[in-house]
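Before any comments, here is the structure.
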Amino acid sequence: MDYISIVIIAIGLAMDAFAVSIAAGVSLKYFQVKPAFRVALFFGFFQAIMPYFGWLAGSSFSASIASIDHWVVFFLLLFIGGKMIYESFIITKAESSCDPNNIVTVFLLAIATSIDALAVGISFSILNQQIIEPIIIIGLITFILSLFGVYIGSKIGSIFENKIEFLGGIILIAIGTKILLEHLLLF
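Take the sequence shown: its letters are residues 797 to 983, numbered as in this note's numbering.
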């Protein structure tokens, strides 16, 4: 997989964390460095480590599905992207009032926003993609966007929160479609 695709996937995956980071920022009365870094570190770390676990799991069965791997990747990314789009329309009070000062809350949100990255890791394994570069890129992009998300949330409130998650879903579906079309048209 080319570098641009990895960056685009990383941005798509980070949209969940970005949206939740905005919600965390909204709960602050003003921007605070310590909670912002806490959110960014937790989200970046879990978003980076989950694809690795998915990649390990996928490595154990990728050879047996090689003939349909492009379809598996497409449907995984379609599902994840569709879920993100769906979730962008339904935000609950709990999601919109996450406290970045509560370490347990941040930990649970970091896990919740990184589950999609686990499936992407499986996709990387199926595509025989080396994992080190993608997890570094995914972690860094998520860290930066989460830090920025807390800042934005603390400044402008919840105006864009749902729209960001919607955009992330569209990005993941587009990448899945690109992978499917590349395989179908080139092989």
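Every residue gets a Cβ at the ideal spot worked out from N, C-alpha and C, and that includes glycine.
Annotated as proximal: Gly-935 and Gly-840, with beta-carbon spacing under 8 Å. Contact check for Ala-844 against Ile-931 passes: the beta carbons are separated by less than 8 Å. Per DSSP, reduced to three states, the secondary structure at Ser-856 is coil, with no helix or strand assignment. A straight line joining the alpha-carbon of Leu-976 with that of Leu-963 spans about 20 Å. Rounded to the nearest whole angstrom, the CA to CA distance from Ile-876 to Phe-827 is 31 Å. Between Arg-834 and Gly-945, the alpha-carbon positions lie close to 12 Å from each other. A straight-line Cα-Cα distance of about 24 Å links Leu-905 and Glu-929. Between Met-811 and Ile-967, the C-beta gap is smaller than 8 Å, which places the two residues in contact. Residue state for Asp-812 is assigned as helix, using DSSP reduced to three classes.
For secondary structure counted as the beta strand (DSSP E) over 3 or more consecutive residues, the segment 880-950 holds no complete run.
Secondary structure of Asp-865 (DSSP, three-state): helix.
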